[in-house]
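Quick note: the sequence shown uses this note's numbering, first residue 11, plus one each step.
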Amino acid sequence: MSSTPYLIHFNSIGKSDIGYISIAEKETLPFVPQRIYWTYYTPEDVKRGFHSHYNLEQILVAVAGKIIVTTEMKNGNKQEFILDTPKTGLYVPKMCWRIMQYSHNAVQMCIASDTYTETDYIRDYNEFLK
Numbered sequence: 011m012s013s014t015p016y017l018i019h020f021n022s023i024g025k026s027d028i029g030y031i032s033i034a035e036k037e038t039l040p041f042v043p044q045r046i047y048w049t050y051y052t053p054e055d056v057k058r059g060f061h062s063h064y065n066l067e068q069i070l071v072a073v074a075g076k077i078i079v080t081t082e083m084k085n086g087n088k089q090e091f092i093l094d095t096p097k098t099g100l101y102v103p104k105m106c107w108r109i110m111q112y113s114h115n116a117v118q119m120c121i122a123s124d125t126y127t128e129t130d131y132i133r134d135y136n137e138f139l140k
């Protein structure tokens, strides 16, 4: 488990004339998934996220379109990632603030380390910084 965001490159099989399959197997994942969900039809002028988690870890994947993810750690380290291929995911550790902006056709799959728990969210930026 890393304490900073990083890209995960999934194995893929196939070729251009038949298409591709990307594979996220347990050896390539930093945790055992407990929940998978996806977001879609997000207008381009809308930014989502604006939160962190006390314990939850995530892997974000743009299965279609492009997603710009800005991350910030409590130490002030900020990074920007562009997700535009389904064979790459972004590992987002716990205690990492994130903001996402989507292209009009983006579909984001999220692989989460735990089930949904509202009390795990930090939605106030100043609280996150404490």
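C-beta: ideal position from N, C-alpha, C; glycine also. Please read these numbers as outputs of a predicted model, since none were measured by experiment.
In the three-state DSSP reduction, ASN136 falls in the helix class (H, G or I). Distance check between ASP134 and each of CYS106, GLU67, HIS19 places CYS106 closest, using alpha-carbon atoms only.
Around the beta carbon of THR52, 16 or more other beta carbons lie within 10 angstroms, which makes this residue buried.
In terms of Cβ geometry, ILE33 and SER22 form a close pair [threshold 8 Å].
Sequence-distant Cβ neighbours of ALA74 in its own chain, meaning closer than 7 Å and more than five residues away, are ASN115, ALA116, VAL117. Non-local C-beta neighbours of ASP130 in its own chain, meaning closer than 8 Å and more than five positions away in sequence, comprise HIS63, TYR64, ASN65, LEU66, ASP124, ordered along the chain.
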